[in-house]
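If you count by my numbering, then the sequence shown holds residues 350 to 481, one letter each, in order.
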Amino acid sequence: MLHLTRIAFACDNYGVLADRIAARADQGVVRLTTRYRPKRHEELLGGSLYWILKHRLVARSEILGFEDAEGGRTAILLSDKLIPVVPVPRRAHQGWRYFAEADAPRDLSRMSDSGEALPPDLTEQLAEIGLF
Numbered sequence: 350m351l352h353l354t355r356i357a358f359a360c361d362n363y364g365v366l367a368d369r370i371a372a373r374a375d376q377g378v379v380r381l382t383t384r385y386r387p388k389r390h391e392e393l394l395g396g397s398l399y400w401i402l403k404h405r406l407v408a409r410s411e412i413l414g415f416e417d418a419e420g421g422r423t424a425i426l427l428s429d430k431l432i433p434v435v436p437v438p439r440r441a442h443q444g445w446r447y448f449a450e451a452d453a454p455r456d457l458s459r460m461s462d463s464g465e466a467l468p469p470d471l472t473e474q475l476a477e478i479g480l481f
């Protein structure tokens with residue numbers, strides 16, 4: 350399975366990203382418009398788009414599909430469910446970057462015995478001081 354990374358542009362924290370995703374949701378789907386359809390789009394179905402915030406992968410959204418958008422652009426269809434992941438350092442970049450399943454960080458909810466994730470703000474603070 351293949352995944353993408355993308356910068357959460359103009360998001361100061363996880364809460365802002367979550368609010369933005371929720372505001373763009375339409376019947377469980379978020380459309381992220383981009384100039385070009387990824388060449389490896391067929392391999393991305395069922396994968397995730399991992400969001401980079403403050404030079405760390407912090408969350409993911411499942412990739413549901415692709416569709417044509419106006420102006421010759423492409424819409425990446427994402428699930429409106431934002432899943433927090435273990436923060437992993439990642440350099441900023443333009444556009445998207447591919448990465449393999451083996452390099453994907455674990456979901457935070459899978460790390461605790463109760464199955465509940467730590468609050469995103471707490472994980473941000475732990476990552477900033479190097480404890481995550």
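All C-beta atoms, glycine included, are put in the ideal place defined by N, C-alpha and C.
- Restricted to the segment 406 to 467, not a single alpha helix (DSSP H) segment is unbroken, complete and at least 4 residues in length.
- Nearest Cα to Leu353 within the set Ile425, Glu416 and Asp429: Ile425.
- With a 10 Å radius around the Cβ and a threshold of 16 neighbouring Cβ atoms, Tyr399 comes out buried.
- In this model, Val435 and Pro468 are separated by some 12 Å (Cα to Cα).
- In the same chain as Glu416, and ignoring 5 residues on each side of it, the C-beta atoms closer than 6 Å to its own belong to Ala424, in chain order.
- Of Ala357, Leu351, Met350 and Gly364, the smallest CA-CA separation from Asp470 is found for Gly364.
- The distance from the Cβ of Arg355 to that of Ile401 is about 7 Å, consistent with a contact at the 8 Å cut-off.
- In this structure, the straight-line span from the alpha carbon of Thr382 to that of Leu427 is close to 11 Å.
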